[in-house]
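Visitor: Residues -20 to -1, 1 to 196, numbered by mature numbering (1 follows the signal peptide of the UniProt record, and there is no 0), are exactly what the sequence shown covers, in order. Note that CB positions come from ideal geometry on N, CA and C, so glycine has one too.
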Amino acid sequence: MRAFACAFFVLGLLRHSAKADSTINSLREAAVRWDGELPCTNWDCECAFKHQRGCCCGAPDLVAVEDQIFIRMMDLSKRLTQLGDSALRVTGEKVAFTASMSPSVHCFGPFTRNKPIPYDSISLNHGRGYNPALGVFTAPCSGLYSFSVSIYSKLSRAGDRMYHKVQLMKNGEVIASTWEDNRDDSEDSASQTVLLSLQRGGQVYVELLNSRQLCG
């Protein structure tokens, strides 16, 4: 008896589902054959009969408007990014640094090979192009850069030999240099200023030649 009741119930569900489908199909066919004026224009049978309840006949138009707005917003975002890049190319990034060696009672050098001078006292490093650990400046963007280098050395005793040579290097190439070799001066200084065209990633540093030293 229970099995018969279950079978009857399932049969009833199938019959009800078939009846509902038949009703929907009839309504769809009636809507398609309708010759009079519809309550609202652009009636969408697929929307009305397949999608959620309360689906408006103007839904496709609203979706189209949303798509257009989204496309325009993406286009505006792209244009703003391009405008920012253009402004950056025109004005250029602000890059500047000032560094010096901390005072020490010991001399820097001599070494068995050329060694970059690690200017460890930094008062300005805008753009973070200078690495004090390596003593190397790496250009964050392409452009024309001005470098000014001052070399100062002071001996602790008169009559000692002042012996140094310092080179300004660009990507391993000597650009400018200053040197001193005498026993007459207990202290001396020299400066060099150069303009260098650098590509992004180009490196500039100051190195002390082997067997020389800087004191003071």
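Residues in its own chain within less than 7 Å of LYS134 by CB, not counting five upstream and five downstream?
Guide: Around LYS134: SER166, GLU167, CYS195, GLY196.
Visitor: Measuring alpha carbon to alpha carbon, tell me which residue in GLY115, HIS86, ALA119 is nearest GLY109.
Guide: Closest by alpha carbon: ALA119.
Visitor: Apart from the five residues on each side of it in sequence, which residues of its chain come closer than 6 Å, Cβ to Cβ, to SER101?
Guide: Only SER80, SER82 meet the Cβ criterion.
Visitor: For LEU178, is the classification buried or exposed, using 16 other Cβ atoms within 10 angstroms of its Cβ as the cut-off for buried?
Guide: Buried: at least 16 other Cβ atoms inside 10 Å.
Visitor: Nearest by alpha-carbon distance to ILE155: which of PHE77, VAL186, LEU104, SER57 is it?
Guide: Of the listed residues, the one whose Cα sits closest to ILE155 is VAL186.
Visitor: Where does MET142 land, buried or exposed, given buried means 16+ other C-beta within 10 angstroms?
Guide: Flag for MET142 reads buried.
Visitor: Apply the 10 Å Cβ neighbour rule to ILE97 and answer buried if 16 or more other Cβ atoms are within range, or exposed otherwise.
Guide: The residue in question, ILE97, is buried, as its Cβ has 16 or more Cβ neighbours within 10 Å.
Visitor: Based on the DSSP output, what are the partners of VAL116 in its beta bridges?
Guide: ASN111, TYR185.
Visitor: Report the option in ALA76, SER84, SER191, VAL174 whose CA atom is closest to the CA atom of CYS121.
Guide: It is ALA76 whose Cα lies nearest to the Cα of CYS121.
Visitor: By the DSSP assignment, the beta strand (DSSP E) with HIS86 in it spans what residues?
Guide: From DSSP, HIS86 is part of no beta strand (DSSP E); its letter is neither H nor E.
Visitor: Work out the CA separation of MET54 and GLN48 for me, nearest whole Å.
Guide: Spanning the two alpha carbons is a distance of roughly 10 Å.
Visitor: Secondary structure at ILE97, three-state DSSP: helix, strand or coil?
Guide: Coil.
Visitor: Which residue's Cα is closest to the Cα of SER157: LEU176, GLU9, VAL43, LEU189?
Guide: Here the closest residue by C-alpha is LEU189.
Visitor: For PRO112, which residues in the same chain have their Cβ closer than 7 Å to its Cβ, ignoring the five residues on either side in sequence?
Guide: Same-chain partners within the cutoff: ALA79, PRO98, TYR99, ASP100, ILE102.
Visitor: If you run the structure through DSSP and keep just helix, strand and coil, what is LEU176?
Guide: DSSP places LEU176 in strand when its eight states are reduced to three.
Visitor: Going by other Cβ atoms of all chains shown within 10 Å of its Cβ, with 16 needed for buried, is GLY115 buried or exposed?
Guide: When all chains shown are included, GLY115 counts as buried.
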